[in-house]
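Each residue of the sequence shown is one higher than the last, beginning at 1 in UniProt numbering. Even for Gly, the Cβ is constructed at its ideal location relative to N, Cα and C. Computed from a predicted structure; not experimentally measured. What follows is a single structure, written as structure tokens, with notes after it.
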Amino acid sequence: MKIEHVAIWCNSLENMSSFYQHYFGAKSSGKYENKAKKFSSYFLTLPEGARIELMSMASFQILPSDPYVQFTGLAHMAFSVGSEEKVNQITEIFIADGYEVLDGPRWTGDGYYESVILDPEGNRVEITV
Numbered sequence: 001m002k003i004e005h006v007a008i009w010c011n012s013l014e015n016m017s018s019f020y021q022h023y024f025g026a027k028s029s030g031k032y033e034n035k036a037k038k039f040s041s042y043f044l045t046l047p048e049g050a051r052i053e054l055m056s057m058a059s060f061q062i063l064p065s066d067p068y069v070q071f072t073g074l075a076h077m078a079f080s081v082g083s084e085e086k087v088n089q090i091t092e093i094f095i096a097d098g099y100e101v102l103d104g105p106r107w108t109g110d111g112y113y114e115s116v117i118l119d120p121e122g123n124r125v126e127i128t129v
């Protein structure tokens with residue numbers, strides 16, 4: 001069994017799609033629209049085959065806007081980049097491009113080398129070995 005995809009509600013599909021394509025090498029399936037339901041989405045496929053569905057709809061609840069507050073539901077996504085050096089390099093790219101780094105790069109108590117950044121809509125993304 002494997003996870004087929006993770007879905008994220010978005011305010012700006014295009015901005016989020018560009019982010020995951022640019023930084024994580026995702027490929028887009030193209031935009032899907034259901035005008036009757038006022039729903040739009042993109043499926044993005046990562047190089048190793050995992051997929052992210054980015055979704056937008058006229059009526060959805062917005063979660064708390066403070067990225068430091070934890071809440072129930074999906075906590076983060078983690079991307080394995082292969083080495084400590086890559087974690088450091090990618091984290092530096094995010095910093096240079098103006099993205100907020102919440103933590104790291106560092107070794108966690110449970111043995112992960114990681115940094116935690118926020119995507120354009122404040123979702124936590126872990127970059128790990």
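Every unbroken stretch of the alpha helix (DSSP H) spanning 4 or more residues and falling wholly within the UniProt domain "VOC" (2-129) is given here in chain order: 13-24 and 84-96. In this structure, Asp-103 places its C-beta atom within 9 Å of the C-beta atom of Val-116.
Proximity to His-22 across Val-6, Ser-59 and Pro-47 peaks at Pro-47, based on C-alpha coordinates. At the C-beta level, Leu-118 and Glu-100 come within 9 Å of one another. For the pair Ile-52 and Glu-121, the CB atoms are not nearer than the 9 Å cut-off.
Taking all protein chains shown into account, Ile-95 has fewer than 16 neighbouring C-beta atoms within 10 Å of its C-beta and is therefore exposed.
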